[in-house]
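The block underneath contains the structure these notes are about, expressed in structure tokens.
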Amino acid sequence: MKSTIQFLVSILVLFSFSLLCELAIAQNKIINSTFDVGVVLDLETWVGKMSESCISMALSDFYATHNYSTKLALHWRDSKEDNVAAAFMAMDLLKTVEVQAIIGPQKSAQAEFVVELGDKAHVPIISFSATSPSLSSIPTPYFIRAAQNDSSQAKAIAAIIQTFNWREVIPIYEDTDFGNGIIPYLSDAFQEIEARIPYRSVIPRSATDDRILSELYKLMTMQTRVFVVHMSSSSGVRIFSKAKEVGMMNEGYVWIITDGLTTLLDSMDSSVIDSMQGVLGVKPYVPKSKALDNFTARWKRKFRRENPDIERTELSVFGLWAYDTTWALAMAAEKIRVSNSSLQKPQTKDNLTNITVSEMGQKLRDEILKTKFKGLSGNFVLLDGQLQSSAFQIVNVIGKGEREIGFWSPGNGITRGLEGGNEKKLKSIIWPGESTALPKGWVIPTSGKGMRIGVPVKDGFSEFLNVERDSVTNRTDVTGFSKEVFDAVLKELPYGLPHYFVPFNGSYDNLIFQIYLQKFDAVMGDTTIRANRSLYADFTLPYSESGVTMIVPIKDDRKNKNAWVFLKPLTKDLWLSSGAAAIFTGFVVWVLEHRINEEFRGPPDHQIGVMLWFSFSTLVFAHKEKLVSNLSRFVVIIWVFVELILMSSYTASLTSMLTVLQLQPTITDVKELIKNGHYVGYQRDSFVHGLLKKMNFEESKLRGYNTAEEYAEALSKGSWNGGVSAIFDEIPYIKLFLNKYCGEYTMVGPTYKTDGWGFVFPRGSPLVLDISRAILNVTEGDQMMAIERKWFGNQTTCREQDTTITSNSLTLDSFWGLFLITGIASASALFLFLVLFLYKHRHISTMDDSKKSIRCKLIALAKHFDQKDLSSYPFKPNQPSRGLTIGRSTSTEASFNFNNSQRALSISNHLSESFVPEEDHGVSSSELGSPSIDTQPSREIN
């Protein structure tokens, strides 16, 4: 019985002790809650080992300075540099451990699938080393990048390219998500600074050494020498090792590495650094601080103790980001803790993946995104789910490590330092090959003899370009104006340009298209800059002006001089216009003077003779008639002014025809050629053929020629004898032709503008800028004049002929303004006279007599017009006859006697009575316009 009691008591004591222990454990859990966090890294890599030590030190440092009840419990997994293993490790952490967050994975390719798992489980995936732009928090909101996006360095790299005026860049990158992600951003950044990407070198991560060597040899055959390398450390090391092996780390090359390699330079072996001498790199700038210095010293001691076999132990920014990530997660975990129960394992599971769904995942994510503090790497601020970038440090690989040469920031661009007032340039740089000379960024490809320069083969105009092939040596010999200009331009370049010429038979358009087909590296010759050609190649600045016009034969008017040469000074239209104007002026003067001037009266045939005599005698100022009316004086003054100008021009033109050598073009108008169906010529294989078709010439009317001799023969035959009436060509060829055939042909018609002759290179070629600058140096000096004199001689020895020459005959176009003035003056005077005359005799037109027709009224007005106006000043008694005499005039003045006045009165009354109606209704003859009786009647009635 006693033993039974003792047994029960012992059981009760054990139960009580167990209960007390559970209560103590529960209370301890309440006081110190654990927060499970998974860590997925490649623990055997340098970044993995460094990050592991940094994360461990971050936890101990954080809880040593913060009295938090929530403690992060890290669950480590090694993904062993395998993408599938990384996903499997993340799945294991979510299913078995049911972690609330995952730090990692290390690579962008690994993160692609892990972030999808995080979205399913509502567990934040925080990576401090997956920097590819292909990863984003927009499609996967539970992905947080505690590092800078690779795209942020694109503008920094572009700024370096722009600083040194390099125009072409070739990116070399690995065929992974990490490598491909930055390329679109680099392309955009280069496009903004007008730099081309002629080729993209993509290296598979699994590429063999032979595959890498093959790609490097291919790059050596290209002219671009600026390379941007974006690779992981393992691939990048192999690239530079092989590049040095094939000689691509020598002088003239430019290598720029992105932050993925730059941040790991301090951890690379000395042999790797030796193969990267002269390389430029960019990496995120980490501001210096005492906390950073202290941590770096402690980390080095710890890391060397744990990894004694690793020689280079330099902390990179990835380790600092890992440290700051751990602190940010610890801060967020403490903020969401409300009670012990809230941190218990959730029970909700995803039906498809059977992954536990975190009930606090969204709140934890939001707290992490809102976390801000000053970390070891700088200010820890997350925006759009990733760490914000600030400045980049630019380094130069020299000796055993790197040397800072400058910085880049979004606000200031490239500067020597980040403080204010720094110069906008980099410090001195040691380039590959230990060169201090700035590489120009391109060279002539090292394979072959040099640049393949196409030259057109043509039969004529060898002064411009002559291509001959030596059948024995198989060597191409090129001479001529264009060749000598090309040689002079090359001498102006600060570097050599190895090249050889390749003859080409065909049109100039096809020749330039060969550059687009990459069969030629350039074209040298008399190639005209045309818009359609610029679609396939780039032209330099022109070295010779150009333009298209036509040449026609000249006819010698001295052979055509005859008895009728006096008619040639004026054209037919001008002769007819002058005669018509003279007759019209004479008629107007006759109308104005007929009623008041005896010299313009008489029988009809006499009056017609006087009118015509006056009309044409004024042409030579031989008229003697006096003018009485002021209106007629006004008309004649204007007409005499017109005659003076016309006769002076006629005299000058006739004198020129009789005394000066007359050479006239046979045709002066392009429209005349088209209208009359003339044949025209052009230089074969030139663009002029297409220009003529655009000018609406028929294809059947176009004939191609090669030489100046063929030009002369075709023009001499003429359009109707198997030749042509005109030849269209560029002005340099025409000037050379006219220099040979001086005085036989001339340039006429309009000049169709072209941009001149230039040298041709591939689109975007960096040679275009240098060659254009060299062309300016040649053309602005005396060197170009010397070359022109050498090949074309002194062209001023031939009489210069006006390109706008036309017929010497005076045309109506030159004088129509004068005819307009005299016509208006005469018409105005006539109109004013008629208005006054009709107003004075208005009673005739307003007679109230229905029996009088309009014809009768017009006859009555004509009769009154034919009568003398005895009320005018010349017919008044005791007044001398006065008038205007121009030219030779008589001194006899007309006098009027009484008998003539009486006779005029009686006849006038008789005429008036003859028009009085049968029933006058009391209308007197005076009302019908009968003249009043003058005491001195006129001599007779005409």
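Residue 81 in the working numbering sits at position 3 of the sequence shown; the count goes up by one each step and never skips. Glycine residues also receive a C-beta, built at the ideal position from the N, C-alpha and C atoms.
Taking 8 Å as the cut-off, the beta carbon of I476 is found closer than this to the beta carbon of I508.
Close CB contacts of L137 within its chain, under the 8 Å cut and outside five residues either way in sequence, are with L150, L152, T404, A408 (chain order). As computed with DSSP, G479 is found in a beta bridge with I476.
Apart from sequence neighbours up to five positions away, the residues of its chain that approach I716 with a beta-carbon distance below 6 Å are T900, A903, ordered along the chain.
In the DSSP assignment, K452 falls outside any alpha helix (DSSP H) and lies within the beta strand (DSSP E) extending over 451 to 453. The three-state secondary structure of L370, taken from DSSP, is helix. By the Cβ-count criterion, G325 is exposed, with fewer than 16 other Cβ atoms from all chains shown falling within 10 Å of its own Cβ.
Taking the Cα positions, Q188 is about 7 Å away from D160. L770 and G782 have their C-alpha atoms spaced approximately 12 Å apart. Within the DSSP secondary-structure output, W154 pairs in a beta bridge with V117. Annotation: A659 to H672 spans about 20 Å, alpha carbon to alpha carbon. Cβ-Cβ separation between D253 and P282: approximately 5 Å, consistent with a contact (criterion under 8 Å). Rounded to the nearest whole angstrom, the C-alpha separation of P828 and R494 is 59 Å.
Under the DSSP definition of a beta bridge, L358 partners with I334, N474. Beta-bridge partners assigned by DSSP to R547: T554. Bridge partners of T493 according to DSSP: F485.
Apart from the 5 residues on each side of it in sequence, S560 sits with its Cβ closer than 6 Å to the Cβ of F542, L543, G603, D604 in its chain, given in chain order. Rounded to the nearest angstrom, the gap between the Cα atoms of S349 and D833 is 56 Å.
V706 sits in coil when the DSSP states are folded into three classes, being neither helix nor strand. The beta carbon of T449 lies closer than 6 Å to those of A406, M409, A410 in the same chain, with the five residues before and after it left out. Taking the Cα positions, E808 is about 6 Å away from T627. With respect to W377, V357 sits apart: the two C-beta atoms are not nearer than 8 Å. By the Cβ-count criterion, P581 is exposed, with fewer than 16 other Cβ atoms from all chains shown falling within 10 Å of its own Cβ. The Cβ atoms of S803 and S797 lie closer than 8 Å to each other.
Only residues of its own chain outside the window of five on either side were considered, and among them D537, G538, F539 have a CB closer than 8 Å to the CB of T785, listed in chain order.
Closest in C-alpha terms to V913, from the list D891, L890, F943, comes F943. When secondary structure is reduced to three states using DSSP, M128 falls in the helix class. Cβ-Cβ distances below 6 Å link G330 to R303, P517, V521 in the same chain, with the five nearest sequence neighbours on each side left out; the list follows chain order. Your pair T112 and R415 does not check out as a contact, with CB atoms roughly 11 Å apart and the cut at 8 Å. Counting along the chain, E808 sits inside the beta strand (DSSP E) bounded by residues 804 to 808. When L297, I250, V601 are compared, the shortest CA-CA separation from I849 is found for V601.
By the criterion of a C-beta distance shorter than 6 Å, F206 is surrounded in its chain by A224, A225, W399, A400, T403, once the five residues flanking it on both sides are discounted.
Counting only residues of its own chain and dropping the five nearest sequence neighbours on each side, P620 has a CB closer than 7 Å to the CB of I607, D833, G834, W835, G836. Between F256 and T336, the alpha-carbon positions lie close to 12 Å from each other. Taken through DSSP and simplified to helix, strand or coil, T618 comes out as coil.
Taking C-beta atoms as the reference points, I531 and F598 count as a pair closer than 8 Å.
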